[in-house]
Amino acid sequence: MDLRKLMSFVAASELNSFTAASKSVNLTQGAVSQQVKDIEEELGCKLIDRSTRPISLTKEGAEVVIVARQMLNLWRDFKAKQNENEFIGNIVLGYVRSAITDNLAFALYSVMQKHPKVTIQLIYTEGITKLLAQEVAEGKLDAALGVAPIDLPKGTIWRPYSSERYFVVAPMHYKGRTDEILLNQGPYIRFKPHLLAETVIDREIKKRGIKVKKVMELDDYESILVMVENQLGVGIVQEHYLTKERLSKLICVPFGLPALMREGGIIARVNDPKNPLVDLLWESLRAVQ
3 MDLRKLMSFV AASELNSFTA ASKSVNLTQG AVSQQVKDIE EELGCKLIDR STRPISLTKE
63 GAEVVIVARQ MLNLWRDFKA KQNENEFIGN IVLGYVRSAI TDNLAFALYS VMQKHPKVTI
123 QLIYTEGITK LLAQEVAEGK LDAALGVAPI DLPKGTIWRP YSSERYFVVA PMHYKGRTDE
183 ILLNQGPYIR FKPHLLAETV IDREIKKRGI KVKKVMELDD YESILVMVEN QLGVGIVQEH
243 YLTKERLSKL ICVPFGLPAL MREGGIIARV NDPKNPLVDL LWESLRAVQ
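Heads up: the sequence shown runs through residues 3 to 291, numbered per the numbering used here.
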């Protein structure tokens, strides 16, 4: 049963006029009359007595209009509930470069598909997690994707969504199968993000007293892998960069004692009106890990 036809029928029954009903449902008088006829043909009985002025319901019409009102009320209640659950809005999202992964793309696509009225605007400020957190606290960003550990500014929260290991990667001809032996052989291709003097990788190397022969510094893990694949040295990268192809042609050994972990998360403001939208992204990111 077409709900639009039911609306026309109910309007005609309540207003006792096809003309008045047509104005109520924003259709022509002829269209309303035809829609009522369609219902009558479908049910096999007359619903409205057109011989009287004003028009009136038949006995069958009086019974059907009760059911029609119930159906329309159920539909309106359902639509109202859907609208309550509908998310609308925009998030301005900062990020560290290493947060741009296939999983992020999958999560963004999932949010877009499920909530088409939500937009997520990615902004790269060449910042590190600490600076991104400050921009969130100051309201320059709605949220940001960063890496722990971090001292959060007042009024912000950390919501972790991923955890992965770091790996030492080296060409196949390197000798040894421990992180320390591989790094000692060098030359070492260091990860050096913009504006950050020391990373968690640097601190782990220093803590263990590993002597590395640094040959170059790059600010992107993908670039480090390109250099290692071309036998220019040894590096340390995050686990998700190690595709099946790379695992088959490189030595890949967990780094750290115990294994050093990278925790990714979202930085957001406490009690911010946009947090329901941030929650959508956070839940989507957790689902694809």
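Every residue gets a Cβ at the ideal spot worked out from N, C-alpha and C, and that includes glycine. It should be emphasised that the depicted structure is a prediction, and the values quoted were computed from it without experimental measurement.
Spatially closest choice to residue i from the options, by CA coordinates
| i | options | result |
| --- | --- | --- |
| ASN105 | GLU166, VAL12, GLY141 | GLU166 |
| VAL31 | LEU17, GLU43, GLU265 | The displayed chain sequence assigns Gln, not Val, to residue 31. If we check each option's Cα against that of GLN31, LEU17 comes out closest. |
| LYS251 | LEU259, GLY267, TYR176 | TYR176 |
| SER100 | PHE193, GLY235, VAL272 | PHE193 |
| VAL202 | ILE238, MET218, LEU185, THR180 | ILE238 |
| MET174 | GLN123, LEU234, ALA139 | LEU234 |
| LEU5 | PHE20, ALA22, VAL34, HIS117 | VAL34 |
| TYR126 | VAL113, SER24, ALA145, LYS7 | ALA145 |
| LEU262 | ALA150, GLU247, ALA22 | ALA150 |
| ILE191 | LEU220, ARG205, PRO260 | LEU220 |
| SER53 | ASP79, PHE20, GLN37, ASN75 | PHE20 |
| LEU8 | LYS246, LYS25, ASP40 | ASP40 |
| GLN240 | ASN232, LEU259, ARG264 | ARG264 |
| LYS209 | LEU259, VAL170, PRO162 | LEU259 |
| GLY267 | TYR163, LYS246, GLY91 | TYR163 |
| GLU65 | PHE11, PRO195, GLN37 | PHE11 |
| GLY129 | LEU76, ASN75, VAL98 | VAL98 |
| THR103 | GLY148, ASN75, ILE90, GLY91 | GLY148 |
| GLU217 | GLY211, PRO189, ILE207 | This sequence places Val at residue 217; Glu is not what is there. Closest option to VAL217, Cα to Cα, is PRO189. |
| ASP274 | ALA23, ILE207, GLU247, GLY141 | GLY141 |
| LEU279 | ARG205, ASP204, THR121 | THR121 |
Span of the beta strand (DSSP E) around residue i
| i | result |
| --- | --- |
| ASN2 | In the structure as shown, the chain starts at 3 and stops at 291, and residue 2 therefore has no counterpart that could be examined. |
| ILE139 | Rather than Ile, the amino acid found at residue 139 in this sequence is Ala. Unbroken run through ALA139 is the alpha helix (DSSP H), 131-139; no beta strand (DSSP E). |
| LEU147 | 145-149 |
| LEU120 | In the sequence on display, residue 120 carries Val and not Leu. 120-125 is the extent of the beta strand (DSSP E) around VAL120. |
| ILE238 | 236-240 |
| LEU252 | 252-256 |
| ILE268 | 263-271 |
Own chain partners of residue i with C-beta closer than 8 Å, once the 5 adjacent residues on each side are dropped
| i | result |
| --- | --- |
| TYR243 | TYR223, GLU224, LEU227 |
| PRO155 | ALA135, GLN136, VAL138, ALA139 |
| GLU88 | HIS117, LYS119 |
| ASN277 | ALA270, ARG271 |
| GLU62 | LEU45, CYS47, LYS48, LEU49 |
| PHE169 | ILE238, VAL239, GLN240, GLU241, LEU244, CYS254, VAL255, PRO256, PHE257 |
| GLN123 | ASN92, ILE93, VAL94, LEU95 |
| ARG248 | VAL171, LEU227, GLU231, CYS254 |
| LYS292 | Outside the modelled stretch of the chain, which goes from 3 to 291, sits residue 292, for which no answer is possible. |
| ILE207 | LEU185, VAL214 |
Same chain, Cβ closer than 6 Å to residue i, neighbours up to 5 away in sequence not counted
| i | result |
| --- | --- |
| LEU143 | VAL94, GLY96, GLU137 |
| SER15 | LEU59, VAL67 |
| PHE108 | VAL290 |
| ARG288 | TYR163 |
| GLN37 | LYS7, SER10 |
| ILE90 | LYS119 |
| ASP51 | SER58, THR60 |
Own chain residues within Cβ distance below 7 Å of residue i, not counting five before or after
| i | result |
| --- | --- |
| ILE152 | THR131, LYS132, ALA135, TRP160 |
| ALA172 | LEU184, VAL230, VAL236, LEU252, ILE253 |
| GLU42 | LYS48, LEU49 |
| LYS213 | ASN186 |
| GLY157 | ALA139, ARG271, VAL272 |
| LYS81 | none |
| TRP77 | LEU5 |
| ALA23 | SER10, ALA13, ALA14, LEU17, VAL34 |
Opening and closing residue of the alpha helix (DSSP H) in which residue i lies
| i | result |
| --- | --- |
| MET229 | 223-231 |
| PRO278 | 277-290 |
| ALA101 | Where ALA101 is concerned, there is no enclosing alpha helix (DSSP H), given that its DSSP letter is neither H nor E. |
| GLU88 | Counting along the chain, GLU88 falls outside any alpha helix (DSSP H), and DSSP gives it neither H nor E. |
Any chain B beta carbon closer than 7 Å to residue i
| i | result |
| --- | --- |
| LYS142 | Looking for chain B here will not work: only one protein chain is present. |
beta-carbon residue i near the ligand MG non-hydrogen atom, thresh 6 Å
| i | result |
| --- | --- |
| LEU147 | As presented, the structure is devoid of all ligands, the ligand MG included, so that no description of it is given. |
Query raised in the report: Could you give the uninterrupted runs of the alpha helix (DSSP H) lying entirely in the stretch 4-73, keeping only those of 4 residues or more?
Result: 5-17, 20-27, 31-45
Requested in this report: Evaluate the contact criterion for the stretch 49-59 versus the stretch 71-80: three or more CB pairs, one atom per stretch, below 8 Å.
Outcome: no
Requested in this report: Taking 8 Å as the threshold, find out whether the stretch 177-191 comes into contact with the stretch 255-271 through three or more Cβ pairs.
Outcome: yes
Query raised in the report: Taking three-plus beta-carbon pairs below 8 Å as touching, is the stretch 279-286 in contact with the stretch 111-125?
Result: yes
**Report entry** Any beta strand (DSSP E) of 3 or more consecutive residues that is wholly inside the stretch 154-225
**Finding:** 158-173, 190-193, 216-220
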